[in-house]
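Trainee: Before anything else, here's the structure in question.
Protein chains: 4
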Amino acid sequence: MSPPRLQVACAGLGRMGKRHALNFLEKVTRAELVAAFTPDDAEIAWAQVHLEPFGVKLYKDYDEMLLQQGLQAVVIATVTTVHAEQAIKAIQADKHVLCEKPLSTSESVSQSVVTAAAKKPHLKVMCGFSRRFDASYRDAMDKMESGMIGRPSIFRSQTCDVLDPSGFFVAYAQFSGGIFVDCSIHDIDLALWFFGQDSQVKSVVSSGITAVQPDLRAHNDRDNAVGIIEFYGGKIAYIFCSRMMAAGQEDSTEIIGTSGKLTVNTQPVSNLVNIYEPGGIRREIPQNYYGRFREAFEREAKEFTDCCLDDGRLPMKLSGAVQAVKIGCALQEAMISGKKIWFDTTGSRMERAQM
Amino acid sequence: MSPPRLQVACAGLGRMGKRHALNFLEKVTRAELVAAFTPDDAEIAWAQVHLEPFGVKLYKDYDEMLLQQGLQAVVIATVTTVHAEQAIKAIQADKHVLCEKPLSTSESVSQSVVTAAAKKPHLKVMCGFSRRFDASYRDAMDKMESGMIGRPSIFRSQTCDVLDPSGFFVAYAQFSGGIFVDCSIHDIDLALWFFGQDSQVKSVVSSGITAVQPDLRAHNDRDNAVGIIEFYGGKIAYIFCSRMMAAGQEDSTEIIGTSGKLTVNTQPVSNLVNIYEPGGIRREIPQNYYGRFREAFEREAKEFTDCCLDDGRLPMKLSGAVQAVKIGCALQEAMISGKKIWFDTTGSRMERAQM
Amino acid sequence: MSPPRLQVACAGLGRMGKRHALNFLEKVTRAELVAAFTPDDAEIAWAQVHLEPFGVKLYKDYDEMLLQQGLQAVVIATVTTVHAEQAIKAIQADKHVLCEKPLSTSESVSQSVVTAAAKKPHLKVMCGFSRRFDASYRDAMDKMESGMIGRPSIFRSQTCDVLDPSGFFVAYAQFSGGIFVDCSIHDIDLALWFFGQDSQVKSVVSSGITAVQPDLRAHNDRDNAVGIIEFYGGKIAYIFCSRMMAAGQEDSTEIIGTSGKLTVNTQPVSNLVNIYEPGGIRREIPQNYYGRFREAFEREAKEFTDCCLDDGRLPMKLSGAVQAVKIGCALQEAMISGKKIWFDTTGSRMERAQM
Amino acid sequence: MSPPRLQVACAGLGRMGKRHALNFLEKVTRAELVAAFTPDDAEIAWAQVHLEPFGVKLYKDYDEMLLQQGLQAVVIATVTTVHAEQAIKAIQADKHVLCEKPLSTSESVSQSVVTAAAKKPHLKVMCGFSRRFDASYRDAMDKMESGMIGRPSIFRSQTCDVLDPSGFFVAYAQFSGGIFVDCSIHDIDLALWFFGQDSQVKSVVSSGITAVQPDLRAHNDRDNAVGIIEFYGGKIAYIFCSRMMAAGQEDSTEIIGTSGKLTVNTQPVSNLVNIYEPGGIRREIPQNYYGRFREAFEREAKEFTDCCLDDGRLPMKLSGAVQAVKIGCALQEAMISGKKIWFDTTGSRMERAQM
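Chains as they are written, first to last, in numbering that gives the first Met the number 0: chain A, 0 to 354; chain B, 0 to 354; chain C, 0 to 354; chain D, 0 to 354.
Take a look at the structure:
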């Protein structure tokens, strides 16, 4: 009698995987979490307590999970290195896919997911850029589209994590693709969203330092970096990424148009509380991206579910995720080489000997 | 196989009733909306579209609804004048009750609900003061309880609605109990929460004006009013209520302690967007209390459900709702009479001839 | 050859006296500080270092100072108890007068200064309500006068000092007139300014506590108090005064009109710096009223000088200062007696036996 | 009897010249404006009204003015193209010099002023970077020096003017040196201040667009630009300059350290007023740099005067002004050429063929 619910599996039960699994289990009334995969024993143990009792079947083999009867969609939240492979397998098994960003740390591998998806146009395949589901970013987009700021021309955005002195990010740098691919991918995706998905990158250049984690250099990574992305047509995005914030997560964006400006989170807050105490007035801010974007992740899960069930239109094209990886990789390369990297209007790398 | 869900009915499908019904239908995974009551044809028509298709049985007779097989809980969102009667009937029918505020515009009628509930201690009976479920108020309470501001001593709070030029509030004033009972009841409840539920009121005094709606005077009401509530033990709450705001809903609170202060929403915002335009920098704010407290209402529904299913402890005592009505009525009376009203330490009215 | 400068004397060299003296010495190019009076040896010693070398003649006798050749104006910054007497003497000696607030802690004594000044209409006699010279308050007034908020109807204002654990305020309470006369006098003056100087008070009521300084009770004073002032014509001011702030000076004001609202300093700041640190984002705020109003005091000195030299019009009438004292005294009395105090439309106290 | 005052002349009476002249005339009690030069008839006419009556002698010949008996100091506020020549002449005539920024739009010409000044070490020669005198920037510097943010590592700063649709900036671009030299020079100077005056630039790169003033391209200028400045030692400044702001002047700065962050004016305000109106809450912001930095200019005039009279130490070295011009010119060149420009550790340009 009750309406059908989307049968969802979750691949990966690490930090984000747990959150995705619980969101689909508890927050998405139109979805049913029916399966979860992880090769990790500790994660299996966690799932035996938090998922299995609610009817979620657990797998240590991804391919086996895909065979589960009735499964309709897979959320991929494993390590980035297997995103593309698992996404392609799920597509081939005729499942809708919500894949954590990035598709891959390589442009060509990312493109292979798009190619696979193109062969199954009835499937919903989305790369989860959570900020697209954030109420404030959406409000900014609505305002921009209403003409409130004229033509968007300069875009500033930053993804800045709180300092984690544990050394986690040094280990993580081995497979993260680097700070521009891991952090700034969000800002790049936002730039493509606000400037238009068909914006063509013209050049990138960047610089980075290791202010607190010199060991990152062993992995060709940095802990603070800035970059400039020029687009054809007279648009510029400039970005900052950091893993060194003291106060908390500081992800903020400015969209500067010819007749106005919109900002998102340039005055971060956790909530509506202010603390008056000796030393002044203080407000707390979220300590990580999930504190900032929790609601966006929930909305992402709901809207993905709605799209799958109702054959709706996804809020963004999968090909944009390839473009974002391409720009992120170029920024990372420019940071290490010191070179400015140029693209022609078809998107191909261009050597400018004279530069 | 899936866990049991609380079988809930919603009485009243007006502005708040619709919201409660949809919250239980769509947002509370552990509850199932199974019935709804309204005597109003237009509301029935709405429910035939939005509720009935999802298995919700509709009633035009409240008593009949209470007889529905398996019903476990009732949400009462009808007009205030029938809150108490319907709550008592539900209690007598052995249903858990979540009743919109206020229980009644009369202290004695409100008390009759408490008396009825006291006879059925296994039932969860709650008056829905939504701000108790707001993340920012809860954060402020946690911080106060951690000792961050010393002993709370002065409490300022306001409930200020946006100007509604339609004349709605003039008609509404006939049965709302007046601005202190309708609006300030939230601030009074917050004062009792932050000062402690056993705080004893010592005196109230207030003043009001009709700045934009002179017709309110016909119903002994005002559109702007301020009041002072003294509590025994050296604590003072002062409040402001208004139906004349230009920018939007402005519900804000300050808790001033002997060594610090906490504020909630003294800088209202809708979201994290700022608009830079000729004339300066602007931020939008919620246009009504639901825009401000939507999440709190959802959390209220969820926590009420959890309490019912798990025999948990409600976050507040029902008797506090009587105390709030008592203080609200006294403020309303003081505003009309011009008198200061005194209470002795047992809570009884005291005549101070010399005052 | 250079234009004539106003010859000014400063009476009193305590905390504010020193500031006034230095302002006239260093900041007012059209004035010349030529004399200073104080009965206090320590203050004389200070003046021998900071004033005498720049041509300022020092006096231990006020009357003698008034005889100094060429003296044109006197700034009175002595203890409140001698303000009126010294002002009257200066007026009688044909000097312009800038008197620190309040004229006196008594309405009738304050009135005697107005009466004396009325006999010398060519003199500029002003009570120094510094906030009238603050750029933000002036901007708010300009905006209100331009019609930006419709008809001002509700006025909220507070003067809140940082906690001074030294016990200074207990001793000071003996002659300050109490917290409403000492602190709130500014808020009352602002209410009279924004509501119109001819506003007639209808009633006052107030409540106070001693949250941190119980010894204030010996002087019939309190450390935190709130009050309501009703004016004839449907206007209400409500105020809060405190000597218990943790973060710093918090003097803020809201002017609520029928179609908009203006606020002044509801988000206090010292400057434009924000500090991001573990625990969140912090801004410092001024630690005392001089930190908040330093520029206003300088502007007050300059404008008073200009008025004297150019026979200009003072920005406010002296009689307003009497009205402010009257309301402040009534609030103080109401706080101690618990009574609500009524006034008829001529400003006379009214007994309302029935109240 | 009164203490000696610095005899000051003002060269140039354009927009800034007028302000400097009036500041020295009215705000600096220790200075006396005795002369002013301008070749412009309209400016002479203005000066005949506003300066001459107060004893200021007017000149249409700069050299003649330098000969005026008793003259001790010259403020140079003429067009940038003559700054250096006039500064050198004044130095050679043994006058102290306060020169508006920049010294020149050329590094070598700027250096010639430093060289001239070095021969007269008894003279105070300062390039007026007004932000060094701003209370908020000074507070940020004090906090940084106290160790509050650890080691400064990333510096973000922007100088953003309100849109001027008159076409003024197109004409102005002919001699301004371009947007990086005209606007960003302040941000570059701040970077040198916060990173340390001896910071060595390693590379610069930049990009610009003409979003609203395409005619700027004729002068090799842009209306919006971003740049990255790398310094040896692992420090990066990134900057944004614009002439297209809708809301007003937006000059803001972030200093990001290894353990904290300081921001200056990231939430611009004109004053402490907020406006609540339909559409939300609005605050006004300064409309031009003088609205933002008026007090800083006054403090600059005062401190320069004090230094001259008391043989004090100037708050910054003149050589820094050359460094700022050098970096500004490099950014401008990089913007036009698209090239990244490298410097070796001695400050010389470096060709990196491979780049």
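Note that the Cβ used here is the ideal one computed from N, Cα and C, for glycine as well. Just so we're clear, the structure is a prediction, and the values are computed from it rather than from any experiment.
What does the alpha-carbon distance come out to for the pair A329(A) and A83(A)?
Mentor: 20 Å
Trainee: Which stretch, first to last residue, makes up the beta strand (DSSP E) that contains K234(D)?
Mentor: 234-244 is the span of the beta strand (DSSP E), which, as asked, contains K234(D).
Trainee: The alpha helix (DSSP H) that contains I326(B), what's its start and end?
Mentor: 318-336
Trainee: For R131(A), which residues in chain D fall below 9 Å Cβ to Cβ?
Mentor: The premise fails here: R131(A) is roughly 24 Å from chain D at the closest Cβ pair, so nothing lies under 9 Å.
Trainee: Assuming G251(B) and P267(B) form a contact by the criterion Cβ under 8 Å, report the distance between their Cβ atoms to the nearest whole angstrom.
Mentor: What sits at residue 251(B) in the sequence shown is Ser, not Gly. Contact holds; Cβ gap of about 7 Å.
Trainee: Got a sec: which bits of the stretch 264-280 of chain D sit with their beta carbon under 9 Å from any beta carbon on chain G, in order along the chain?
Mentor: Protein chains in the displayed structure are A, B, C and D, and chain G is not among them.
Trainee: Once the 5 residues before and after E297(B) are set aside, which same chain residues still bring their CB inside 6 Å of it?
Mentor: Excluding sequence neighbours, E297(B) sits near N22, K26.
Trainee: Of all the CB atoms in chain D, is at least one closer than 8 Å to the CB of A139(C)?
Mentor: yes
Trainee: In chain D, which residues lie less than 8 Å from A210(A) when you measure between Cβ atoms?
Mentor: Within chain D, the residues near A210(A) are R150, S152, I153, G233, T257.
Trainee: For a contact defined as C-beta to C-beta under 8 Å, what are the partners of I284(D) on chain B?
Mentor: Per Cβ cutoff of 8 Å: G279, I280.
Trainee: Looking at the secondary structure, which residues open and close the beta strand (DSSP E) in which Q6(C) lies?
Mentor: 5-10
Trainee: If you run the structure through DSSP and keep just helix, strand and coil, what is R155(A)?
Mentor: strand
Trainee: Does M0(C) get closer than 8 Å to chain D when you measure Cβ to Cβ?
Mentor: The predicted position of M0(C) is uncertain, since its pLDDT is 45 and thus under 50; no value can be drawn from it.
Trainee: So L261(A) contacts chain B; which residues on that side make the cut at Cβ distance below 8 Å?
Mentor: Going along chain B in sequence order, the residues near L261(A) (Cβ under 8 Å) are V272, N273, I274, Y275.
Trainee: Is M147(C) close to chain D? Criterion is C-beta to C-beta, closer than 8 Å.
Mentor: Taking Cβ atoms only, chain D reaches closer than 8 Å to M147(C), which makes this a yes.
Trainee: When burial is assigned at 16 or more other CB atoms within 10 Å of the CB, is K59(D) buried or exposed?
Mentor: exposed
Trainee: Tell me the DSSP secondary structure of S165(D) in three-state form.
Mentor: coil
Trainee: Write down the C-beta distance between A295(A) and H19(A) rounded to the nearest angstrom, noting that I regard them as a contact closer than 8 Å.
Mentor: Contact doesn't hold; Cβ gap of about 13 Å is too wide.
Trainee: DSSP on D188(B), reduced to helix/strand/coil?
Mentor: helix
Trainee: Identify each residue in the stretch 224-249 of chain D for which the Cβ-Cβ distance to at least one residue of chain B is less than 9 Å, and report them in chain order.
Mentor: M244, A245, A246, G247, E249
Trainee: Whole angstroms is fine: what's the gap from H95(A)'s alpha carbon to A115(A)'s?
Mentor: Straight-line Cα distance between these residues: approximately 12 Å.
Trainee: Given that S135(A) touches chain B, what residues does it touch there, using C-beta distances under 7 Å?
Mentor: N270, L271, V272
Trainee: Just to check my reading of the structure: L271(A) and V263(B) have Cβ atoms closer than 8 Å, yes? What is that Cβ distance to the nearest angstrom?
Mentor: Rounded to the nearest angstrom, the Cβ distance from L271(A) to V263(B) is 5 Å, consistent with a contact under 8 Å.
Trainee: What residues of chain D sit near K119(C), judged by a beta carbon separation below 7 Å?
Mentor: What K119(C) touches in chain D: nothing, since even the nearest Cβ is about 30 Å away.
Trainee: Just how far apart, CA to CA, sit V73(B) and A92(B)?
Mentor: Take the alpha-carbon of V73(B) and the one of A92(B): they are about 10 Å apart.
Trainee: Return yes when the Cβ of L122(A) is within less than 8 Å of the Cβ of G112(A), no when it is not.
Mentor: Checking the displayed sequence, the identity of residue 112(A) turns out to be Val instead of Gly. No, they are not a contact pair.
Trainee: Does the separation of the CB atoms of L5(C) and L308(C) fall below 8 Å?
Mentor: yes
Trainee: Give the interface partners of T158(D) over in chain C, defined as CB-CB distance under 8 Å, in chain order.
Mentor: Near T158(D) there are no residues of chain C at all, since even the closest Cβ is about 15 Å away, more than 8 Å.
Trainee: Report the option in N287(A), F36(A), I208(A), A323(A) whose CA atom is closest to the CA atom of Q85(A).
Mentor: F36(A)
Trainee: Less than 8 Å between the CB atoms is what I'm expecting for A34(B) and V48(B), so what's the real figure, rounded?
Mentor: 17 Å between Cβ atoms; not a contact.
Trainee: Answer with yes or no whether the minimum CB distance from E106(A) to chain B is below 8 Å.
Mentor: no
Trainee: Could you pull out every residue in the same chain whose Cβ sits closer than 7 Å to the Cβ of Q286(B), ignoring the five residues on either side in sequence?
Mentor: Cβ-Cβ distances below 7 Å link Q286(B) to V161, G247, Q248 in the same chain, with the five nearest sequence neighbours on each side left out; the list follows chain order.
Trainee: Alpha carbons only, please: which of G259(D), A44(D), C98(D), W45(D) is nearest the one belonging to R7(D)?
Mentor: The question names Arg, but residue 7(D) in the sequence shown is Val. Of the listed residues, the one whose Cα sits closest to V7(D) is C98(D).
Trainee: Counting only beta-carbon separations shorter than 8 Å, does V204(B) have a partner in chain C?
Mentor: Closer than 8 Å: yes.
Trainee: Out of curiosity, what's the CA-to-CA distance linking E276(D) and T257(C)?
Mentor: 11 Å
Trainee: Taking 8 Å as the cut-off, does the stretch 226-243 of chain D touch the stretch 141-160 of chain D (at least 3 CB pairs, one atom from each stretch)?
Mentor: With a cut-off of 8 Å, the stretch 226-243 of chain D and the stretch 141-160 of chain D count as touching, because enough Cβ pairs lie within range.
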